[in-house]
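The listed protein sequences derive, respectively, from chains A and B. Residue numbering for the first sequence follows our numbering, starting at 1 and increasing by one per position. Residue numbering for the second sequence follows our numbering, starting at 1 and increasing by one per position.
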Amino acid sequence: MRKEIMYIQSSKSIALDTVEMVLKNNYISQTAVPGQFLHVFVEGHTLRRPLSIADVDREKETVTILFKKTGSGTKQLATCQEGMTLDVLGPNGNGFNMDNKEGSSILLIGGGIGVPPLYYLGKTLVGQNMKVISILGFQSAESVFYVEKFQSLGETWMVTNDGSYGEKGFVTDVFDKIEAFDRYYSCGPIPMLQAITKKLEHKQGYISLEERMGCGVGACLACVIPKANNRGYKKICKDGPVFHAKEVTL
Amino acid sequence: MTNLAVDLPGLRLKNPIMPASGCFGFGREYSDFYDLGKLGAVIMKAATGSERFGNNTPRVAETASGMLNAIGLQNPGVDKIIESEVDFLSNYDMPIIANVAGSTIGEYEKVAAAFNQTKHVHALELNISCPNVKEGGIQFGTDPNMAANVTKMVKQASNLPVYVKLSPNVSDIVAMAKAVEAAGADGLSMINTLSGMKIDPSSKRPLLANKTGGLSGPAIKPIAIRMVYEVKQQVSIPIIGMGGVTNAEDVLEFLLAGASAVAVGTANFQNPFICPELIDELPKILTKYGFLSVQDAIGKGAILYE
Ligand SMILES: Cc1cc2nc3c(=O)[nH]c(=O)nc-3n(C[C@H](O)[C@H](O)[C@H](O)COP(=O)(O)OP(=O)(O)OC[C@H]3O[C@@H](n4cnc5c(N)ncnc54)[C@H](O)[C@@H]3O)c2cc1C
Ligand SMILES: Cc1cc2nc3c(=O)[nH]c(=O)nc-3n(C[C@H](O)[C@H](O)[C@H](O)COP(=O)(O)O)c2cc1C
Ligand code: FES
Numbered sequence: 001m002r003k004e005i006m007y008i009q010s011s012k013s014i015a016l017d018t019v020e021m022v023l024k025n026n027y028i029s030q031t032a033v034p035g036q037f038l039h040v041f042v043e044g045h046t047l048r049r050p051l052s053i054a055d056v057d058r059e060k061e062t063v064t065i066l067f068k069k070t071g072s073g074t075k076q077l078a079t080c081q082e083g084m085t086l087d088v089l090g091p092n093g094n095g096f097n098m099d100n101k102e103g104s105s106i107l108l109i110g111g112g113i114g115v116p117p118l119y120y121l122g123k124t125l126v127g128q129n130m131k132v133i134s135i136l137g138f139q140s141a142e143s144v145f146y147v148e149k150f151q152s153l154g155e156t157w158m159v160t161n162d163g164s165y166g167e168k169g170f171v172t173d174v175f176d177k178i179e180a181f182d183r184y185y186s187c188g189p190i191p192m193l194q195a196i197t198k199k200l201e202h203k204q205g206y207i208s209l210e211e212r213m214g215c216g217v218g219a220c221l222a223c224v225i226p227k228a229n230n231r232g233y234k235k236i237c238k239d240g241p242v243f244h245a246k247e248v249t250l
Numbered sequence: 001m002t003n004l005a006v007d008l009p010g011l012r013l014k015n016p017i018m019p020a021s022g023c024f025g026f027g028r029e030y031s032d033f034y035d036l037g038k039l040g041a042v043i044m045k046a047a048t049g050s051e052r053f054g055n056n057t058p059r060v061a062e063t064a065s066g067m068l069n070a071i072g073l074q075n076p077g078v079d080k081i082i083e084s085e086v087d088f089l090s091n092y093d094m095p096i097i098a099n100v101a102g103s104t105i106g107e108y109e110k111v112a113a114a115f116n117q118t119k120h121v122h123a124l125e126l127n128i129s130c131p132n133v134k135e136g137g138i139q140f141g142t143d144p145n146m147a148a149n150v151t152k153m154v155k156q157a158s159n160l161p162v163y164v165k166l167s168p169n170v171s172d173i174v175a176m177a178k179a180v181e182a183a184g185a186d187g188l189s190m191i192n193t194l195s196g197m198k199i200d201p202s203s204k205r206p207l208l209a210n211k212t213g214g215l216s217g218p219a220i221k222p223i224a225i226r227m228v229y230e231v232k233q234q235v236s237i238p239i240i241g242m243g244g245v246t247n248a249e250d251v252l253e254f255l256l257a258g259a260s261a262v263a264v265g266t267a268n269f270q271n272p273f274i275c276p277e278l279i280d281e282l283p284k285i286l287t288k289y290g291f292l293s294v295q296d297a298i299g300k301g302a303i304l305y306e
């Protein structure tokens with residue numbers, strides 16, 4: 001991890017309140033692995049904003065982030081345009097465990113703004129000759145993004161709460177329709193992760209978590225999650241954000 | 001060359017900049033960024049008698065020019081800290097200050113005594129001002145008698161110099177400072193965070209799981225400067241100043257108010273390189289305002305207007 005300047009190569013709205021930003025930087029683009037995040041400084045704000053790495057192009061030296069305009073920091077970030085620079089710590093945290101057996105079948109389950117890190121993961125898995133199946137859940141059609149990108153990786157199921165795009169319901173509602181898989185990776189809101197880890201209890205799975213952060217590097221103990229045995233905590237910024245599904249208590 | 005060195009009880013500082021307790025862990029994470037030996041000193045995260053798990057999350061929230069935290073003194077306990085963390089920090093050429101916390105006077109004594117046995121801890125910072133724990137902490141820091149008592153007992157339990165960290169959540173900071181000075185404190189550390197709260201309009205609930213938390217960052221700097229200034233004129237022990245430092249001019253402002261050294265907390269989160277950057281910047285700022293050394297600037301702003 002380093003403190004780096006990243007050049008904004010493009011910034012555009014891709015869904016309701018959702019921005020895709022392509023950032024150019026040699027060090028981060030060459031070292032980032034799926035599941036890691038950037039800790040982004042936003043002018044006028046005391047704390048940095050953690051944002052997942054959604055894609056990396058090593059040749060073009062770019063890193064893509066996707067973020068939702070939820071509060072003052074992300075709203076301000078959305079006003080930053082091509083040609084400007086960002087002050088970023090990255091790549092932070094540990095990525096997804098990738099020790100899959102050759103040719104494994106992998107299920108990706110993303111919810112809302114938890115979808116971004118799964119794209120870089122899926123792309124990397126396909127590059128390693130894995131079979132990728134994706135289930136992406138959103139609130140409604142206007143929030144949906146990256147459908148074609150996931151479809152290009154493999155079978156993709158879309159679910160919306162109100163049924164305005166794909167199936168109606170929650171991501172767990174389509175589990176029955178999916179063929180056998182060896183391992184799952186998921187990122188999304190806590191209630192979704194709770195439902196998934198319960199339903200897929202017998203499966204090997206990895207989940208990516210969010211918590212409010214102070215330092216983002218493991219020093220302040222703001223971002224903790226209880227260990228599964230309830231003996232103390234793991235730090236999401238340093239030990240995570242990705243954990244084995246059975247390692248932590250949601 | 002501008003002389004940055006300062007001598008304080010138990011501490012030979014090559015420069016007056018140190019990370020504040022709780023904002024730097026035990027230095028490991030920041031040792032990936034730069035050589036910790038550059039620092040004037042390091043103040044470790046609070047140590048309690050046994051392991052503490054801290055508060056529920058969310059533990060931090062951003063506020064205007066600052067943040068609230070309610071970590072709740074999570075730490076592995078004094079024995080583990082001595083075993084692994086002090087050992088690690090002793091690899092770097094700088095004094096180590098241990099932040100001592102507890103729920104009872106007995107716990108403070110136990111922690112202070114444990115650090116007394118170690119080679120590498122050079123001073124204690126007595127944390128009687130944490131707003132985020134139920135028992136102890138802030139009670140000791142808001143009652144001058146209790147503050148004096150815990151100071152006395154810790155002085156007896158340890159030979160190390162004791163810097164008492166004062167809470168700003170009092171109406172008379174000078175009375176607190178005088179009480180701990182009379183009880184034998186070797187120095188003061190000020191200020192800790194101010195008790196604060198933030199309520200999220202969408203959920204209609206406090207943002208922190210603990211409901212209230214400690215406010216830090218630039219928002220509290222004027223309060224810290226005022227308190228250091230007032231106390232400096234009424235006590236004769238040295239002060240380590242802190243609260244909202246983000247640049248070298250802030251450091252100078254604390255020196256002018258009467259601090260002999262300066263700790264940097266929240267700013268580490270925004271810029272992990274803040275401490276070494278301040279150390280590099282300070283000589284330029286001192287020169288710019290006509291000072292030949294750090295020592296030369298200490299208390300220069302603390303003139304009484306008659
Ligand atoms: C490891 C990690 C990866 C993330 N990846 C993405 C991503 O790829 N895309 C995306 O849109 N969002 C992501 N988030 C959530 C994102 O960090 C928050 O939405 C964002 O910080 C909100 O900032 P704000 O200024 O708009 O909100 P405000 O509410 O104004 O922020 C105030 C404070 O709360 C923190 N905060 C607010 N919401 C969250 C949250 N959900 N999680 C953590 N901290 C929060 C902010 O960082 C800031 O410190 C991620 C969070 C984490 C921890
Ligand atoms: C996340 C966090 C954790 C803290 N933990 C401690 C602690 O363990 N012991 C202590 O004495 N002060 C603790 N503090 C207070 C700081 O040491 C410092 O006094 C305060 O933050 C003011 O300085 P600042 O504005 O530069 O952050 C903590 C502050 C923060 C923000
Ligand atoms: S944000 Fe500081 S430890 Fe994770």
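All C-beta atoms in this analysis are idealised placements derived from N, C-alpha and C, irrespective of residue type, glycine included.
Which listed residue (the options) has its alpha carbon closest to that of residue i
i, options, result
"residue 256 of chain B", "B:75, B:90 and B:298", "B:298"
"residue 236 of chain A", "A:103, A:229 and A:207", "A:207"
"residue 188 of chain A", "A:114, A:27 and A:217", "A:114"
"residue 106 of chain A", "A:94, A:124 and A:89", "A:124"
"residue 170 of chain A", "A:179, A:138 and A:147", "A:138"
"residue 87 of chain B", "B:26, B:143, B:225 and B:108", "B:26"
"residue 118 of chain A", "A:56, A:163, A:233 and A:185", "A:185"
"residue 228 of chain A", "A:216, A:88, A:248 and A:91", "A:248"
"residue 160 of chain B", "B:149, B:125 and B:146", "B:125"
"residue 4 of chain B", "B:31, B:283 and B:61", "B:283"
"residue 296 of chain B", "B:259, B:225 and B:263", "B:259"
"residue 43 of chain B", "B:289, B:265 and B:286", "B:265"
"residue 52 of chain A", "A:35, A:71, A:60 and A:81", "A:35"
"residue 215 of chain A", "B:11, B:154 and B:267", "B:267"
"residue 118 of chain B", "B:158, B:151, B:141 and B:148", "B:158"
"residue 38 of chain B", "B:275, B:227, B:289 and B:77", "B:275"
Nearest-angstrom beta carbon gap, residue j and residue i [assumed within contact, 8 Å]
i, j, result
"residue 5 of chain A", "residue 85 of chain A", "5 Å"
"residue 215 of chain B", "residue 246 of chain B", "Not really, about 15 Å apart at Cβ, beyond 8 Å."
"residue 147 of chain A", "residue 15 of chain A", "Between residue 15 of chain A and residue 147 of chain A the Cβ distance is about 10 Å, and since that is not below 8 Å, they are no contact."
"residue 54 of chain A", "residue 38 of chain A", "That pair is no contact at about 10 Å."
"residue 239 of chain B", "residue 187 of chain B", "7 Å"
"residue 129 of chain A", "residue 1 of chain A", "About 30 Å; that fails the 8 Å criterion."
"residue 36 of chain B", "residue 92 of chain B", "4 Å"
Residue i CB to nearest heavy atom of ligand 2 below 7 Å
i, result
"residue 21 of chain A", "no"
"residue 67 of chain B", "yes"
"residue 193 of chain B", "yes"
"residue 227 of chain B", "no"
Proximity test, residue i beta-carbon vs ligand 1 heavy atom, cut-off 7 Å
i, result
"residue 266 of chain B", "no"
"residue 41 of chain A", "no"
"residue 14 of chain B", "no"
"residue 70 of chain A", "yes"
Contact test: residue i Cβ vs ligand 3 heavy atom, cutoff 7 Å
i, result
"residue 3 of chain A", "no"
"residue 215 of chain A", "yes"
"residue 23 of chain B", "no"
"residue 235 of chain A", "yes"
"residue 227 of chain A", "no"
Heavy atom of ligand 4 within 7 Å of residue i beta-carbon
i, result
"residue 220 of chain A", "Ligand 4 is absent from the structure shown, which contains only ligand 1, ligand 2 and ligand 3."
Open item on the list: To be precise: take each residue of the stretch 55-67 of chain B, compare its Cβ to all Cβ atoms of chain A, and keep it if any distance is under 8 Å. Which residues remain?
Closed with: 57, 58, 59, 60, 61, 62, 63, 65, 66 and 67
TODO: Would you mind listing the beta strand (DSSP E) stretches within the stretch 89-170 of chain B that are 3+ residues and don't spill past its ends, in chain order?
DONE: 96-100, 121-127 and 162-165
Open item on the list: My parser needs the alpha helix (DSSP H) runs of 4 or more residues fully inside the stretch 21-72 of chain A; what are they?
Closed with: 26-31
Task: chain A contacts from the stretch 25-45 of chain B (Cβ-Cβ distance under 9 Å) - done: 25, 26, 27, 28, 29, 30, 32, 33 and 45
- [ ] Give, in chain order, every residue of the stretch 258-286 of chain B whose Cβ lies closer than 7 Å to some Cβ of chain A.
- [x] 266, 268, 269, 270, 272 and 273
- [ ] Could you run through the stretch 199-226 of chain B and flag, in chain order, every residue whose CB is less than 8 Å away from some CB of chain A?
- [x] 217 and 218
Open item on the list: Report the start-end ranges of each beta strand (DSSP E) in the stretch 99-132 of chain A that is 3 residues or longer and not cut off at the edges.
Closed with: 105-111
TODO: Could you name the residues of the stretch 66-89 of chain B whose beta carbon sits closer than 8 Å to any beta carbon of chain A, in the order they occur along the chain?
DONE: 66, 67, 69, 71 and 74
Task: Contact list for the stretch 46-74 of chain A against chain B, Cβ threshold 7 Å - done: 46, 47 and 48
Task: the stretch 26-44 of chain A: positions lying closer than 7 Å to chain B by Cβ - done: 41
Open item on the list: Taking beta-carbon pairs under 8 Å, can you tell me which members of the stretch 7-23 of chain B lie near chain A?
Closed with: Listed by position along the chain: 22 and 23.
Open item on the list: Closer than 8 Å between beta carbons: that is the criterion. Which residues of the stretch 202-225 of chain A meet it against chain B?
Closed with: 211, 212, 213, 214, 215, 216, 217, 218, 219, 220, 221, 222, 223, 224 and 225
TODO: Can you give me, in chain order, the residues of the stretch 241-255 of chain B that have a beta carbon less than 7 Å from any beta carbon in chain A?
DONE: Residues are counted here when their Cβ sits less than 7 Å from a Cβ of chain A; for the stretch 241-255 of chain B the count is zero.
Task: beta strand (DSSP E) runs contained entirely in the stretch 201-229 of chain A, provided each spans 3 or more residues - done: For the stretch 201-229 of chain A, whole beta strand (DSSP E) runs of length 3 or above, ordered along the chain, are 204-208 and 224-226.
TODO: May I ask you to list, following chain order, the residues of the stretch 3-22 of chain A that have a beta carbon less than 9 Å from some beta carbon of chain B?
DONE: 3
- [ ] Could you name each continuous beta strand (DSSP E) segment of 3 residues or more that falls completely within the stretch 242-276 of chain B, going from the start of the chain to the end?
- [x] 261-264
TODO: Taking a Cβ distance cut-off of 8 Å, strictly less, list which residues of the stretch 76-108 of chain A are near chain B, in chain order.
DONE: 89
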